[in-house]
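>
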Amino acid sequence: MEGVSSLHSFLKNKRFDFYKLKKDGIAPEDFTALFLPICRSGRIDRWITFHGFYDIAYLLKLLKIKSIPISMAMFAATAQHLLGTVTDLKHMARYCDGLLDSDLGLKKLAKLLDVKRIGIAHFAGSDSLLTAAVYT
Numbered sequence: 001m002e003g004v005s006s007l008h009s010f011l012k013n014k015r016f017d018f019y020k021l022k023k024d025g026i027a028p029e030d031f032t033a034l035f036l037p038i039c040r041s042g043r044i045d046r047w048i049t050f051h052g053f054y055d056i057a058y059l060l061k062l063l064k065i066k067s068i069p070i071s072m073a074m075f076a077a078t079a080q081h082l083l084g085t086v087t088d089l090k091h092m093a094r095y096c097d098g099l100l101d102s103d104l105g106l107k108k109l110a111k112l113l114d115v116k117r118i119g120i121a122h123f124a125g126s127d128s129l130l131t132a133a134v135y136t
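Residue numbering for the sequence shown is 1 to 136, as defined by the working numbering.
1) Under the three-state reduction of DSSP, which class applies to Val-86: helix, strand or coil?
2) Which residue's Cα is closest to the Cα of Phe-10: Val-134, Tyr-135 and Ala-121?
3) Would you list the one or two residues that DSSP bridges to Ile-48?
4) Whole-angstrom Cβ separation of Ile-38 and Gly-84, contact assumed at under 8 Å?
5) What is the C-beta distance between Asp-88 and Gly-52, in whole angstroms, given that I count them as a contact (C-beta under 8 Å)?
6) Span of the alpha helix (DSSP H) holding Cys-39?
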């Protein structure tokens, strides 16, 4: 429970609005019902993440994958089958000399590439925009 408590404190310190999420957020089952047809249509064929393995795993769980594959190779194959190409910028950085160290985060990578953030760090929209800008 300590991990949940510290995450809650972290998000509160970042001015995350839990009330707004409860009031206006989308339930996981509603998200799945709307998202699954999009996945099946092939309209989205590329996903860009930064250290997004847990996000992809949660997405696979929402899409009703019976069990998340144990090996990284099977996990990647399952994700690619359902989602198309998944590119993780932090994972890619491990193949670039001087980029992979213990404190490489999205903020540091963006700074190295002179990419500016719009919005507040650790908010999904702002992090997504920054990830996309770093990728492009």
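Glycine included, each C-beta is placed from N, C-alpha and C at the ideal position.
The model shown is predicted, which means the values in this text are computed figures rather than measured ones.
On the basis of the supplied data:
1) Three-state DSSP puts Val-86 in a strand.
2) Phe-10 has its Cα closest to that of Ala-121, out of Val-134, Tyr-135 and Ala-121.
3) BP columns for Ile-48 point to Thr-87.
4) A Cβ-Cβ distance of about 11 Å is found for the pair Ile-38 and Gly-84, leaving them out of contact under the 8 Å criterion.
5) In this structure Asp-88 touches Gly-52 by the C-beta definition: roughly 6 Å separates them, less than 8 Å.
6) Cys-39 -> alpha helix (DSSP H) spans 28-41.
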